[in-house]
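Quick note on full-length UniProt numbering: the sequence shown kicks off at 1 and runs consecutively. Written out below as structure tokens is the structure these notes cover.
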Amino acid sequence: LCRPKDNELLEAARHNDVKAIERLLVTEKVNPLARGELGETALHMALLCDSQDAAMMLIHRIPPLLNQPITSDMYQGQTALHIAVMNQDVQMVRELLSCGADLHSPRATGSCFTSADGSSCYYGEFVLSFAVCTGNGEIVRLLVKNGATLKAQDSLGNSVLHVLVQHHDAEMVRSMYDLLSELVQPDEWCQIESLANSEGYTPLKLAVALGDDAMFSYLVERRKKVYWTMGTISYTVYDLREIDTWGDQRSVLDIITSSSKKKVQSMIDLRPVKDLLNHKWNSFGFNYFLIWMFSYMFYVMVFTICCLYRPLKLIPPELSDNITIMALKEMHEAYSTKEDFVRLLGEIITVMGAAVILYLEVPYIIKIGPKNYCKNTVIGGPFPVL
């Protein structure tokens with residue numbers, strides 16, 4: 001609990017009372033690192049209440065306050081730099097950095113800043129992520145200039161780009177995305193865009209998983225290369241990394257086809273996804289479909305014939321109950337004629353076919369889950385069910 005004098009310091013910071021702060025600091029009865037009910041220090045209070053003069057005095061008179069985080073569960077980890085960034089106070093951010101504020105380690109992990117339950121206050125924990133979410137380019141440039149890295153990942157594995165993708169202001173997101181790409185070298189930018197979060201999503205894949213078709217289209221357009229144009233005709237090459245299933249078991253195509261969300265499924269009509277699917281279908285998909293279709297038809301036909309010609313024998317009238325007139329032959333009787341051995345071949349094909357189907361389908365079921373598998377089976381065709 002705060003002592004009375006400590007409360008006075010917090011109140012003085014709140015009301016921007018520089019003289020009161022000066023008077024309290026010269027006494028030995030006040031703890032300059034005292035905290036309020038939410039675990040905030042006097043510097044936090046001054047910045048939250050826009051008490052510029054008080055904040056400046058506290059920064060220079062009590063340097064240990066610079067990197068002190070708020071300690072309450074709701075605002076855990078938030079530092080003075082986080083607050084200054086969210087207030088878009090460029091001068092204060094510059095002052096904090098010049099005085100040694102840490103922009104690498106502090107992470108705002110309080111319940112107010114989590115992405116649970118669709119919280120609109122999820123800013124990615126790091127100071128740079130907070131700055132990007134405000135859309136203030138000047139502060140973002142200032143932080144990057146002072147060493148803020150775009151590769152930092154929060155407790156969910158999200159980088160600053162993942163955080164941007166989850167933001168709802170499309171215009172601001174595009175502006176910040178373009179700005180960030182200008183602040184680093186092309187090779188480093190490719191590495192940053194390839195970072196996956198704890199769910200295995202890169203920024204592009206996350207946009208697909210969220211069903212954000214506008215963001216997905218924007219990211220794809222950023223990566224395309226136009227080699228030449230002639231009037232309304234252009235020759236464009238799309239980067240299919242992360243989109244195609246080749247060598248990527250968590251590709252955009254996989255996410256779309258395994259999702260149960262309609263807005264995600266509808267993204268299959270977007271370019272270049274639709275063009276890629278058409279190319280795959282024309283190149284080998286149709287032939288693959290025909291092979292499996294005729295294989296299944298042959299399998300079902302063999303299975304049906306084996307069932308029709310299964311080894312049965314008539315039950316003698318004196319042993320019949322007038323309901324069951326035929327029974328299965330004993331094993332030594334079931335395979336005695338040429339027809340029986342032909343049927344045996346069909347039975348072997350049936351068992352081996354079932355084993356092959358099981359071998360091919362089980363990994364897919366494990367990958368997408370039984371629920372999604374059943375949904376996809378209904379939509380995609382009855383072959384696996386058969």
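From the three backbone atoms N, C-alpha and C, an ideal C-beta is built for every residue, glycine too.
query: Simplified DSSP state of SER234, which is helix, strand or coil; result: strand
query: Residue from VAL273, GLY137 and CYS112 with nearest C-alpha to GLN88; result: GLY137
query: Reference GLU199; option with closest CA among LYS371, SER251 and VAL362; result: SER251
query: Distance between beta carbons of ILE70 and GLY39, contact taken as under 8 Å; result: 5 Å
query: When ALA13, LYS224 and GLY77 are compared against THR109, the one with the closest alpha-carbon; result: GLY77
query: Backbone CA spacing between PRO4 and ASP17 [nearest angstrom]; result: Bear in mind that a pLDDT of 48 at PRO4, under 50, signals an unreliable position, so the number given afterwards is only what the model happens to contain. If I take the Cα positions, the gap works out to 17 Å.
query: Proximal residues to THR245 (C-beta, below 8 Å), its chain only, five neighbours per side dropped; result: SER251, LEU253 and ASP254
query: Residue(s) in a DSSP beta bridge with LEU312; result: LEU328
query: Any non-hydrogen atom of the ligand MG closer than 7 Å to LYS262 Cβ; result: Because no ligand of any kind appears in the structure shown, any question about the ligand MG cannot be addressed here.
query: 8 Å Cβ cutoff met for TYR218 and ARG174; result: yes
query: Whether LEU33 touches PRO64 by CB criterion (8 Å); result: yes
query: ARG271 to HIS162 span [Cα, whole Å]; result: 22 Å
query: Between the CA atoms of MET267 and VAL356 - distance to the nearest angstrom; result: 32 Å
query: Cβ neighbours of TYR335 in the same chain (closer than 7 Å, five flanking residues each side left out); result: PHE341 and LEU344
query: Nearest-angstrom Cβ-Cβ length linking SER72 and ALA13, presumed shorter than 8 Å; result: About 17 Å; that fails the 8 Å criterion.
query: Contacts around LEU57, its chain only, beta-carbon distance under 8 Å, and the 5 residues preceding and following it disregarded; result: It is worth fixing the name first, because residue 57 is Met in this sequence and not Leu. VAL18, ILE21 and GLU22.
query: Backbone secondary structure at TYR122 - three-state DSSP; result: coil
query: Straight-line Cα distance separating VAL300 from ILE291; result: 14 Å
query: Where THR257 sits in the DSSP three-state scheme; result: helix
query: Rounded Cβ spacing between MET92 and ALA55 (contact assumed at less than 8 Å); result: 7 Å
query: Under the three-state DSSP convention, the category LYS225 falls into; result: strand
query: 8 Å CB neighbourhood of MET215 in its chain, flanking five on each side removed; result: VAL165, ALA170, VAL173 and ALA207
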